[in-house]
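S.K.: Handing you a structure now.
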Amino acid sequence: MPDQQNMITIQLNGEPGTLPEGSSLEDLLAIIGSEGKTMATLVNDLIVRPENRAGCTIQAGDRIELLIFAGGG
Amino acid sequence: MDSLQIGTYTFSSRLILGTGKFSSAQVMLETLRASGTQLVTVALRRFNRERPGDDLFTPLSTMAGITLMPNTSGASTAAEAVQAARIARELSGSPFIKVEIHPNPQHLMPDPIETYEASKILAKEGFLVMPYIPADPVLAKRLEEAGCASVMPLGSAIGSGQGLATAEMLRIIIRESNIPVIVDAGLRSPSEAALAMETGCSAVLVNSAVAVAGNPPAMAEAFAGAVEAGRKAFRAGIMEKSGTAVATSPLTTFLGPAS
């Protein structure tokens, strides 16, 4: 159960957040409800491709960026 | 066929559109369709689940015949722009990158030094680099030598609607350039786009003038017509200016008294 798990603190898009220990980047996307959205993911400034998200375990203190395409000229 | 060639890409439309400032994704899509554009800019932004409408990738991917040109807006150094370009390529799958580095939000003038440094690196990495630059002929030539696919000098400040304030410098850049010159930023009305094309620009990039118009799809259509007219005029060969009148009708009198 999530409430029995240890939680870790991360930086998500510049804001502090918590995540169950052992979560992958793919788990994180599911937790925040962004599955299916086309976005770029970075962990500590390194790009993690979609096929590598499930195998990317988030560590305490990691800086995670989720980026999309928005309007711009 | 008179098409715009950039790298291995061929475009029949010479109107490039930005996707900022539209009232909705629906209006943006209608506008893109009306314009006939084939190359469209987008910006990177942090995902925010409170604002699902920010995401333009999903609506844009429903449109056939559109190539994305992400920009590096938000970067204030070459290193940041290079990182943004690499992220954008992961997301878009497109080799196009609009290098846009403007450190001062007051005037949004591109930083020529950081832009040059970033463009040089990205060209080596195989990007089709389209730098947004001040209308500086020396910088434009240096960027061409660095391997850029085009140069995109500004007509005037982003979103200002001041038109072709840099017209004289643009003429020099066009004359000296062996790569497409695309006027980016500052255009307010279709006549300015036509004038840019008559001057010999290869394309124009428009965003605000279309997005904030009363009827964006109609304005996009007007810009498309102007770009086409200006291009046709340029290719047809525009007459030279003369300091004096040159008659178009015979000046011999025929109603005067018989001699």
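In the order they appear, the protein sequences are chains A and B.
Each step along the first sequence adds one to the number in my numbering, with nothing skipped, and position 21 is 21.
Counting from 1 along the second sequence, just add 1000 to a position and that's the residue number in my numbering.
A virtual CB, placed ideally from N, CA and C, is assigned to each residue, including glycine.
Should T1041/B and G72/A be called a contact, given that it needs their Cβ atoms to be closer than 7 Å?
M.R.: Yes, these two residues count as a Cβ contact at 7 Å.
S.K.: In the structure shown, what three-state DSSP assignment does F1223/B receive?
M.R.: Helix.
S.K.: Say whether chain B places a C-beta atom closer than 7 Å to the C-beta of N13/A.
M.R.: Output row for N13/A: interface = yes.
S.K.: State the CB to CB distance for the pair V1210/B and M1219/B, rounded to an integer number of angstroms; the pair is presumed to be in contact (CB under 8 Å).
M.R.: So it is a contact: roughly 5 Å between Cβ atoms.
S.K.: For P1105/B, which option in T1008/B, P1095/B, S1073/B has the closest C-alpha, if you only look at C-alpha atoms?
M.R.: Among T1008/B, P1095/B, S1073/B, the Cα nearest to that of P1105/B belongs to S1073/B.
S.K.: Which residues bound the alpha helix (DSSP H) around I1172/B?
M.R.: Unbroken alpha helix (DSSP H) run through I1172/B: 1167 to 1176.
S.K.: Assuming the contact rule is C-beta atoms closer than 8 Å, L1068/B and V1227/B should be a hit. Round their C-beta distance to whole Å, please.
M.R.: Not a contact, Cβ separation roughly 20 Å.
S.K.: Identify whether T1019/B lies in helix, strand or coil by the three-state DSSP scheme.
M.R.: Of the three classes helix, strand and coil, the one that applies to T1019/B here is coil, per DSSP.
S.K.: Could you name the residues of the region 47 to 65 of chain A whose beta carbon sits closer than 8 Å to any beta carbon of chain B, in the order they occur along the chain?
M.R.: From the region 47 to 65 of chain A, only I47, R49, E65 have a Cβ closer than 8 Å to chain B.
S.K.: Would you call R1089/B buried or exposed, if buried means 16 or more other Cβ atoms sit within 10 Å of its Cβ?
M.R.: Result: buried.
S.K.: Does DSSP put F1096/B in a helix, in a strand, or in coil?
M.R.: Reduced to three states, the DSSP call for F1096/B is strand.
S.K.: Taking the CB atoms as reference points, tell me whether V48/A and T41/A lie closer together than 7 Å.
M.R.: Yes, Cβ-Cβ distance for V48/A and T41/A is below 7 Å.
S.K.: Pick helix, strand or coil for M1028/B, following the three-state DSSP scheme.
M.R.: In this structure, M1028/B counts as helix in the three-state DSSP scheme.
S.K.: Per the DSSP calculation, N44/A is bridged to which residue(s)?
M.R.: N44/A pairs with nothing; no bridge assigned.
S.K.: Three Cβ pairs or more, each shorter than 8 Å: is that satisfied between the region 1229 to 1245 of chain B and the region 1034 to 1051 of chain B?
M.R.: These segments do not touch.
S.K.: Check whether the Cβ atoms of V1082/B and A1118/B lie closer than 7 Å to each other.
M.R.: In contact: V1082/B and A1118/B (Cβ atoms closer than 7 Å).
S.K.: Please list, in chain order, the residues of the region 28 to 43 of chain A that have any C-beta partner in chain B closer than 8 Å.
M.R.: So the close ones are I32, G33, S34, K37, T38, M39, A40, L42.
S.K.: According to the Cβ coordinates, are G1163/B and V1183/B closer than 7 Å?
M.R.: No, the Cβ-Cβ distance between G1163/B and V1183/B is not below 7 Å.
S.K.: How about L1300/B and L29/A: are their beta carbons less than 7 Å apart?
M.R.: Nothing in the structure corresponds to residue 1300/B, since chain B is present only between 1001 and 1259.
S.K.: Exposed or buried, which one is G1237/B when buried takes at least 16 other CB atoms within 10 Å?
M.R.: When all chains shown are included, G1237/B counts as exposed.
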